[in-house]
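Below is one structure, written out as structure tokens; comments come after it.
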Amino acid sequence: MKPISSLSLIIPVYNEEDNLSLLHESLVSTLAQIDYDYEIIYVDDGSSDTSFTLLEQLAQQDTKVKVVQFTRNSGQTAAIAAGIDHAGGDAVVFMDADLQNDPTDIPMMLAKLNEGYDVVSGWRKHRQDTWLTRTLPSQLANWLISKITKVHLHDYGCTLKVYRREVLQGYRLYGEMHRFLPAYAAQVGAKIVEVPVKHHPRRYGQSKYGLERTFKVILDLFTVKFLHSYAQKPIYVFGSVGIIFMLSSFLLVSYLLVRKILYGYSLVTNPLLLMSVMFVILGVQSIFMGLIGELLIRTYYESQDKPTYSIGQLLNIRKD
Ligand code: UDP
Ligand code: MG
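Just add 2 to wherever you are in the sequence shown, counting from 1, and you've got our numbering.
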């Protein structure tokens, strides 16, 4: 396996003005202690505070600092995708800008990577977020993602992860999907290891997320599972469900007819039955409509090669 000699650090930044200089100092001092070429790619996700001006200053002082600016807020996943698109290192390190992740974990993770792994996944063993709205839903989501993708990790949500760059090629990221990257990588045969990392409470600025993200993640999980197992044969999924529905309705109607003919019961006196049938149909319909939407949106972006983000300025990055 090729030894790693250069790193691309990818850091999405959305309104993190109070964290940036501390973060950058701490990154540079950690990276000075290890012997790798590196670039730090800050992706400014349409910040409305002074984050971009601060990044401009960093880029002026240091050509290792690269900045991709989005014209509008497009989300952490799009920022990560843009970072990957502009990364040139042998290994890619993802990190949050808010100092909740600790740069001093990076050397240990790189050492792990050099032991022969393709993905080193951070695990916030002592997570410093609100338990009820953040940690608990995230534990449930991790359990579910592990079950469904069959790639067992304690902490899909931890941004601090290190990848060999090859294993990141060829994925398009949508929604909240950067967190499924380890599962994707596993599908192409990547070797994954999980290591406990430090985690700090957010000191400055606010978290951009709340409980609603858990729902987005669970919905994305449907897509991931669907695309992984059935994208080339959607008729198996749609068809099986259709057949099951038709069979059940056939059985139900037969039963009701038998009751009617033999014992004279009315077919339509129980409204609850009708309601539950409607709910089931509606629920299943919406999930599957969602999946069709996912397929369509891929055609939309990929057939025209449209990126899922829109770039304003690039600093220290050549456009080619
Ligand atoms: N972030 C971003 N775009 C967004 C929301 C967040 O680039 O729309 C960045 C944010 O600046 C931070 C990282 O993504 O570097 C994680 O966000 P946050 O700390 O709010 O999430 P949490 O740690 O609370 O899960
Ligand atoms: Mg954070």
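Think of the CB as a built atom: it goes at the ideal place given N, C-alpha and C, for glycine as much as any other residue.
Small disclaimer: the values here were computed from a predicted structure and weren't measured.
Query: Contacting residues, own chain, Cβ-Cβ under 7 Å from Ile-150 (five flanking each side not counted); Result: Leu-223 and Lys-227
Query: Three-state secondary structure assigned by DSSP to Gly-241; Result: helix
Query: Cβ pair count under 8 Å reaching 3, the stretch 70 to 85 against the stretch 41 to 54; Result: yes
Query: Continuous beta strand (DSSP E) stretch holding Arg-126: start and end; Result: 121 to 126
Query: DSSP beta-bridge partners of Lys-68; Result: Ile-43
Query: Near ligand 2: Arg-204 beta-carbon under 7 Å from a heavy atom; Result: yes
Query: Any non-hydrogen atom of ligand 1 within 7 Å of Ala-99 CB; Result: yes
Query: Glu-296 (DSSP reduced to helix, strand or coil); Result: helix
Query: Pick from Val-260, Gly-207, Tyr-206 and Asp-100 that is closest to Cys-160, judged by C-alpha positions; Result: Asp-100
Query: Check whether Ala-192 and Val-121 have beta carbons under 8 Å apart; Result: yes
Query: CA-to-CA distance, Tyr-238 to Ala-80, given in whole angstroms; Result: 31 Å
Query: CA-to-CA distance, Thr-301 to Lys-308, given in whole angstroms; Result: 10 Å
Query: Thr-216 classed as buried or exposed, judged by whether at least 16 other C-beta atoms fall within 10 angstroms; Result: buried
Query: For Val-197 and Phe-96, the rounded distance between their alpha carbons; Result: 14 Å
Query: Element boundaries [beta strand (DSSP E), containing Glu-58]; Result: Careful: Glu-58 lies outside any beta strand (DSSP E), inside the alpha helix (DSSP H) at 53 to 63.
Query: 8 Å contact criterion, which Lys-218 and Gly-177 should meet: CB distance rounded; Result: 6 Å
Query: Run of the beta strand (DSSP E) containing Arg-166, from where it starts to where it stops; Result: 163 to 166
Query: Check: Gln-208 C-beta below 7 Å from any heavy atom of ligand 2; Result: no
Query: Cβ neighbour criterion (16 or more within 10 Å) applied to His-128; Result: exposed
Query: First and last residue of the uninterrupted alpha helix (DSSP H) at Gly-85; Result: 78 to 87
Query: Cut-off 8 Å between Cβ atoms - residues of its own chain near Thr-106, not counting five sequence neighbours on either side; Result: Ser-28, Thr-32 and Lys-200
Query: Under the three-state DSSP convention, the category Glu-304 falls into; Result: helix
Query: Closest residue to Arg-126 among Lys-4, Leu-146 and Leu-155 (Cα-Cα distance); Result: Leu-155
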